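*Asks:* Numbering (numbering that gives the first Met the number 0), first residue to last: 0 to 909.
Every residue gets a Cβ at the ideal spot worked out from N, C-alpha and C, and that includes glycine.
For clarity, every value in this text was computed on a predicted model and none was experimentally measured.
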Amino acid sequence: MAKSTSKSLVIVESPAKARTISKFLGSGYQVEASVGHVRDLPGGTKDIPKKYKKEPWAYLGVNVEKDFEPVYIVPADKKKQVDKLKDALKEADSLYLATDEDREGEAISWHLYELLKPSVPVHRLVFHEITKDAIEHALETPREIDDGLVRAQETRRILDRLYGYDVSQLLWRKVGPGLSAGRVQSVAVRLIVQRERERIAFHDATYWDLEAIFTTKDGDSLPATLSLVSGRKIPSGKDFDPDTGKLINPELLQMDEQAARDLAQRLQGTDFQVTKVEVKPFVERPKAPFTTSTLQQEANRKLGMTARRCMQAAQRLYENGYITYMRTDSTTLSKEAVGAARDLVRTEYGEQFLHDSVRTYKGKVKNAQEAHEAIRPAGTPFRVPAAVQSELDRDQFRLFELIWKRTVACQMADAKKQRISVTIEGGDCTFTASGTSILFEGFLRAYVEGSDDPEAELADKERLLPSVVETDPLSVADMDPKSHTTQPPARFSEASLTRTLEEKGIGRPSTYASIIETIQKRDYVYKKGSALVPSWTAFSVIRLMETHFESLVDYDFTAQMEDFLDTISRQEAEALEYLKGFYFGDEEGLDFPADHKAAVGLKKRLEEKIEEIDPRVTAMFSLGFPTEGEHREEVFVRVGKYGPFLEQGDRKASILDGMAPDEMTLEKAMELFEAAAREDEPLGVHPETGKNVYIKAGRFGQYIQLGEKDDEEKRNQSIPKSIAPEDVNFEIACKLLELPRNLGNNPENDQPIMAHDGRYGPYVKCEKETRSLPAGMSPLEVTFDEAIELLKQPKTRGRAAPKEPIVKFEKKSPVTDQEVKILEGRFGPYATDGETNASIPRGTNAKEVTFEAALDLLAERAAKGPSKKKKKKKAVKKKKAAKKKTAKKKTVKKKAAKKATKKKGIIKKS
C-alpha cells in the first residue's frame, strides 16, 4: 500500500509569518498566506454581483432590507491567492487556520472557512508569539472559530459602511468632492478642530517677574525666581483666563516691564538670607509594559516614528519572531516573561537594581479582542538587542530595543529622588529655588520615558542646588527682569491624539495609525513639525456634522458604540437590534436606554437634511467687522471648491497654503485684501515687451506676472525663497522675468549654462547636468565661475546615470534564482528579484533592509498580482473597406468564432 504524502495545510496572513512558522513545523505541514482579508464588502457598485445591482441598497454592499445581510466578494487582486489556497487544500488532510488572535484575525479565519469549504478537519490555532514553544503549544490546544469575535468584527464593518458611505455622499454634495466621514475618523478630526478653536479663542497675557542669581557664603551660585512682593503672589500662566487674558484672581501682582525693572534696581543693594530649606524624598516607579497605544505614543515621542511607521516595524518584528503580538490592550506579562525580565535585570544591571518582588500591572482588560499579554520580546530567555541588531533594519532594531528596555525596566527597582526647595527673603520680596537630585537610579538606568538616551536624560532630570541652611546670608550677583507670555493649548501630535482617543474609549489602538493617515490624505489635517493642524475644510465638515448630526461626532456616543461592539464579542448582546436603531431609528419601537443615543435613524435623518443644509452657511467663518478704513463689511473665510479664500463684500483674496486657521486674524485678512488690491496696480511697463508687470498672490505664495490676466502669452515667474516678496520692486521683477538666465557657454562642451529657479529651489543647468545652488545663493546673482565650479562637483541627486544598487545580496531569490537588490527608484528605494519590484516602506533605511525582509516585501507584492497598466489607445487610420478583408485574417476569424460561441451560451472557461 502506497504511503500517503498528504500534508496539513496551515494558513496565516502574511508571507513573512508563513516563512517564520515553517521553520518550526516539520515536512508534514504546508504553510501558506492569505495576504490579509480574502473577502470583503464590495468597494463600489461596480463590484456588486449582477443580481443585486438594481437593488436600492446595492451601493452599500449591505442588504439593509434583510437584517443587514452583508454581500461578500473576493476582490480581484485576491482571486489568484484564493485559487492557490484552494489548490493547496485539495492535497491536504487537515486545515489549520492560524490567523492573528484579534477580531480581524478571527474574521479572516471565518472567511477562509466559508470560502474554501473544507471537507477535511479544521482547527483554529492561536498564539501570542511566533516561537517554537508557542507553535507547538497551539498545535496541542487548537480551538474552534470564536463566533463572538467574528460577529463583532462583522457588525463593526457594517456599521462603518453605513456611516461612511451615506455620510460621505452628503459631504460630497454639501462641502466638496473626495471627502469622507467615518465612525472614528470624524471624531478624531473633531478633536483636532476643537483644539484649533481653543487656540483661535485664546487671549494671551504678558507678565513679568525677576530671575536672580544669589551668591552663597562659599561663593557658589544659587538661581532663584521671584514669588512674592509685599505678600502678593507673582502669577504664573495657569492664573490667567485663556478666554480673556485677564487674571483670574485680581489679588495677584501682575507687573509690567517698567515695574519689574524698577523692582530689580531697588533690590540690588538689599541683604538676603535663606529662611527655609525643605527636603522631600520621593520615588518614581516604572511604567507598565507596552500596549499598542503606549507603544505608538512612545515611538512617536522617543523615536520620531509616525503611528503607521511604528506599526509597520512592529508587524515585521512579530512576524519574524522577535516580539509578541503587537495589537493588545493588556499590560499583563506571563510568568515566564516576568522570570526572563528579572533574570536580565540581574545579569545586565545587578541584583541591587531588581525590585524585591514581582511587579504586576493592571489595565483596561475587559475586551475579548485583546491579546493575553503586553508587547514584549518573544520567547524566553529574551534575546538582548546587541544579539539581533545585525538581523534587523534601523526602525525594527530601535523599536525592538525600546520594547526590550520597557519590559526589563518594569521589573526593576524604584528610582529614589529628593526634591529640595529653598526660600530666600530680603526687603519685602521672597524668592524660591528648587532642585531635584537622584539618590538611586533604579529603573531609570535602563529606561527613561520620552528619551532615547537614558544617561543624558538622567543628567537633564537633575537640578542640583548648592548646600545651604536656614539663616545663611546671600548676596545679589544678578537681578534680571523676565517677560512671560501665556501660551495657547498645544496642538495634538500623533502621540497625544492617540492617548486622547484611547482615554475617551474611541476606536481601537490598532486602527489609530490608519485613521491618522486617512485624515491627512483627505486634507482634513496636515503636519506642521509634529503638530496636527486642521484645514478650513475640516472646520467646514465638522460644523456640518455638529449642527446636523451631533450624535455621530459625540465623544460619549462613539465610545458607547465601541462598548456595544465589545459586548457582541463577548456574546452578551445581539447586533441586529443595534443596527436597526442606528440606521432606521426607533420608529420600530426598539428598546434603547435613554442615555445611549443608539437610535440615530441615519437614513431618515440624511433624507431630511439633504434639502435643509445650506452649503454656503456651512462653509463661511466670520473673522469680524473692521473698525477702520474704507471697507467695514464683515470678513469671512469661505471654503470653496478649490480651497479656502477670504471674502468681504465683493472683495476676495487667496489664503496661502500652510497658513494655520489660528493665524488667520482679522488684521491678517485685511493685509491680504490690500495685497490683492495691489495686484491690479502694475509695478511698471516691461522695457522689452511693453507689457505690464504685476506682483500677484496665489495659493502657494506671491509671484511675478508679465501681461494681463486674459493675455494668451502672459508669463508667470515664482519669487525665489531667498527673496522676500515685500522686497520685490520693478527692477527685481524684471530680473526675475529674465530667468532662466544665460551665464555663458561651458568651455568643456561649448553649451550654454543657464541659471533657473525651479520647484525645488534655484539651480544651474548645462545640457542634462544640473546642480542646486547653495543656500543664500540667488539665481539672479550666481556668476559664471561659480556655476562652473558647481557643475564640476559630483551629482548628489537626479537620474543622470544608472546608480549602483543600494544593497546587493549574496544569496539569490528562491523564486526567480536571480540576484536580489535594493535600488533607488524615481519614487524611492525598492527591492527587486529581476521579476518583481516592491517598494521599501517609507521611513525605513534602505541600507539596513535584510535579505529576509526583502523577500517578505517581494512575496507580498507578487501575491497581489501584476499592477494594472492603462493601455495606450493607438491612433488608427481609416482604411478603405476593400482592405479590411486582408488585415489580420486569423485574428478576425478567431474573434468572430468566439462571438458566435458566446451567443449560443456554450463558451467554456479556459
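#1: Label residue 489 either buried or exposed according to how many other C-beta atoms from any shown protein chain fall within 10 Å of its C-beta, with 16 as the threshold for buried.
#2: Grab me the residues of residue 222's own chain with a C-beta within less than 6 Å of its C-beta, minus the 5 sequence neighbours each way, in chain order.
#3: Could you check the C-alpha separation between residue 508 and residue 286 for me, to the nearest Å?
#4: In whole angstroms, what separates the C-alpha of residue 421 from that of residue 227?
#5: How many Å lie between residue 8 and residue 131 at the Cα?
#6: Just to confirm the assignment, what range does the beta strand (DSSP E) spanning residue 765 have?
#7: So what does residue 747 bridge to, in DSSP terms?
#8: Would you call the CB atoms of residue 376 and residue 321 closer than 8 Å?
#9: What number of angstroms, rounded off, separates the C-alpha of residue 594 from the C-alpha of residue 581?
#10: Please name the residue in 818, 782, 768 whose C-alpha comes closest to that of residue 794.
#11: Does the segment 103-116 touch the segment 291-307, meaning 3 or more C-beta pairs lie closer than 8 Å?
#12: What is the rounded straight-line gap between the Cα of residue 627 and the Cα of residue 541?
#13: Quick check: the segment 416-434 against the segment 477-485, are there 3 or more CB pairs under 8 Å?
#14: Looking only at DSSP bridge pairs, what is residue 54 linked to?
#15: Near residue 608, what residues of its chain come up, given a Cβ to Cβ distance below 6 Å and the 5 sequence neighbours on each side ignored?
#16: Three or more beta-carbon pairs under 8 Å between the segment 129-146 and the segment 554-561, yes or no?
#17: Taking residue 186 as the reference, give the member of 657, 760, 511 with the closest Cα.
#18: Identify every run of the alpha helix (DSSP H) within the segment 263-351, keeping only runs that are complete inside it and at least 4 residues long; order them along the chain.
#19: Could you tell me how far apart the beta carbons of residue 174 and residue 539 are, in whole angstroms, since I believe they sit closer than 8 Å?
#20: What residue does the beta strand (DSSP E) around residue 819 start on, and which one ends it?
#21: Measuring CB to CB, does residue 128 end up less than 8 Å from residue 324?
#22: Alpha carbon to alpha carbon, how far is residue 635 from residue 519?
#23: Since residue 207 sits in a beta bridge, which residues does DSSP pair it with?
#24: Does DSSP put residue 104 in a helix, in a strand, or in coil?
#25: Leaving out five residues before and five after residue 414 in sequence, what residues of the same chain have Cβ atoms less than 7 Å from its Cβ?
#26: Just mark residue 886 as buried or exposed, buried being the case when its beta carbon has 16 or more other beta carbons within 10 Å.
#27: Sort out for me which residues DSSP pairs residue 525 with in a bridge.
#28: Leaving out five residues on either side along the sequence, give the residues of the same chain with a beta carbon under 7 Å from the beta carbon of residue 855.
#29: Is it the case that the Cβ atoms of residue 911 and residue 162 are separated by a distance below 8 Å?
#30: Only counting the same chain, and skipping five residues up and downstream in sequence, which positions put a Cβ closer than 6 Å to that of residue 94?
#31: In whole angstroms, what separates the C-alpha of residue 472 from that of residue 202?
#32: Report all residues from its chain with a CB closer than 6 Å to the CB of residue 306; omit the five preceding and five following residues, and keep chain order.
#33: Within 8 Å, do at least three Cβ pairs link the segment 143-162 to the segment 46-58?
#34: Skipping 5 residues on each side, what residues in its chain have a beta carbon closer than 8 Å to that of residue 12?
#35: List the endpoints of the continuous beta strand (DSSP E) containing residue 92.
#36: With burial defined as no fewer than 16 other Cβ atoms inside 10 Å of the residue's Cβ, what is the status of residue 759: buried or exposed?
*Replies:* Based on what the coordinates show:
#1: Translated into positions along the sequence shown, residue 489 becomes position 490. Burial call: exposed.
#2: Translated into the one-based positions of the sequence shown, residue 222 becomes position 223. Cβ neighbours of residue 222 beyond the five flanking positions: 212.
#3: As a first step, residue 508 must be located in the sequence shown, where it is residue number 509. As a first step, residue 286 must be located in the sequence shown, where it is residue number 287. Spanning the two alpha carbons is a distance of roughly 18 Å.
#4: Numbered from its first residue, the sequence shown carries residue 421 at position 422. Numbered from its first residue, the sequence shown carries residue 227 at position 228. If you take the alpha carbons of residue 421 and residue 227, they lie about 14 Å apart.
#5: Numbered from 1 along the sequence shown, position 9 holds the residue referred to as residue 8. Numbered from 1 along the sequence shown, position 132 holds the residue referred to as residue 131. Distance between the alpha carbons of residue 8 and residue 131: 18 Å.
#6: Here residue 765 refers to the residue found at position 766 of the sequence shown. Taken as a continuous stretch (DSSP letters only), the beta strand (DSSP E) holding residue 765 covers 760-765.
#7: Taking the sequence shown and counting its residues from 1, one reaches residue 747 at position 748. Beta-bridge pairing links residue 747 to no other residue.
#8: Here residue 376 refers to the residue found at position 377 when the sequence shown is read from its first residue. Here residue 321 refers to the residue found at position 322 when the sequence shown is read from its first residue. For residue 376 and residue 321, yes; Cβs fall inside 8 Å.
#9: On the sequence shown, position 595 is the one that residue 594 refers to. On the sequence shown, position 582 is the one that residue 581 refers to. Caution is warranted here: a pLDDT of 48 is assigned to residue 594, below 50, making its placement in the model unreliable, and the coordinate value is therefore given only provisionally. C-alpha separation (whole angstroms): 14 Å.
#10: Within the sequence shown, numbered from 1, the residue matching residue 794 stands at position 795. For the residues 818, 782, 768, the minimum Cα distance to residue 794 belongs to 768.
#11: no
#12: For the purposes of this step, residue 627 is taken as residue 628 along the sequence shown, with counting starting at 1. For the purposes of this step, residue 541 is taken as residue 542 along the sequence shown, with counting starting at 1. Their Cα atoms are separated by approximately 33 Å.
#13: no
#14: Here residue 54 refers to the residue found at position 55 of the sequence shown. Answer is none; residue 54 lacks a bridge partner.
#15: Residue 608 sits at position 609 when you count from the first residue of the sequence shown. 547.
#16: no
#17: Residue mapping note: residue 186 aligns to position 187 of the sequence shown, counting from 1. Checked all of 657, 760, 511; the closest Cα to residue 186 is 511.
#18: 291-302, 306-318, 334-343
#19: Sequence index remark: in the sequence shown, residue 174 carries index 175 (1-based). Sequence index remark: in the sequence shown, residue 539 carries index 540 (1-based). Going by Cβ atoms, the distance from residue 174 to residue 539 rounds to 5 Å, so yes, they are a contact pair.
#20: Within the sequence shown, numbered from 1, the residue matching residue 819 stands at position 820. From DSSP, the beta strand (DSSP E) with residue 819 extends over 818-824.
#21: Here residue 128 is taken as the residue at index 129 of the sequence shown, counted from 1. Here residue 324 is taken as the residue at index 325 of the sequence shown, counted from 1. The answer is yes: Cβ separation under 8 Å.
#22: Along the sequence shown, read from residue 1 onward, the residue named residue 635 stands at position 636. Along the sequence shown, read from residue 1 onward, the residue named residue 519 stands at position 520. For residue 635 and residue 519, the distance between alpha carbons rounds to 25 Å.
#23: Your numbering for residue 207 matches position 208 in the sequence shown. 254, 482, per the DSSP bridge assignment.
#24: What you label residue 104 is simply residue 105 of the sequence shown in a count that begins at 1. Here residue 104 sits in helix by DSSP.
#25: As a first step, residue 414 must be located in the sequence shown, where it is residue number 415. Contacts found: 282, 283, 437, 439, 440, 441, 442, 443.
#26: Along the sequence shown, read from residue 1 onward, the residue named residue 886 stands at position 887. Legend: pLDDT at residue 886 = 43, less than 50; position of this residue unreliable, no value from coordinates given.
#27: In the sequence shown, counting from the first residue as 1, residue 525 sits at position 526. Beta-bridge pairing links residue 525 to 532.
#28: Numbered from 1 along the sequence shown, position 856 holds the residue referred to as residue 855. Contacts found: 14, 15.
#29: In this structure the chain extends from 0 to 909, so residue 911 is not present and cannot be described.
#30: For this step, residue 94 is matched to residue 95 along the sequence shown. Answer for residue 94: 8, 117, 119, 121, listed in chain order.
#31: Here residue 472 corresponds to residue number 473 of the sequence shown, with the count starting at 1. Here residue 202 corresponds to residue number 203 of the sequence shown, with the count starting at 1. In a straight line, the C-alpha of residue 472 is about 42 Å away from that of residue 202.
#32: By one-based count along the sequence shown, residue 306 stands at place 307. Around residue 306: 295, 493, 511, 512, 515.
#33: no
#34: Within the sequence shown, the letter at position 13 stands for residue 12. Closer than 8 Å at Cβ, skipping near neighbours: 32, 33, 34, 35, 98, 99, 104, 107.
#35: Along the sequence shown, one-based indexing puts residue 92 at 93. Per DSSP, residue 92 belongs to the beta strand (DSSP E) from 91-96.
#36: By one-based count along the sequence shown, residue 759 stands at place 760. Per the 10 Å Cβ criterion, exposed.
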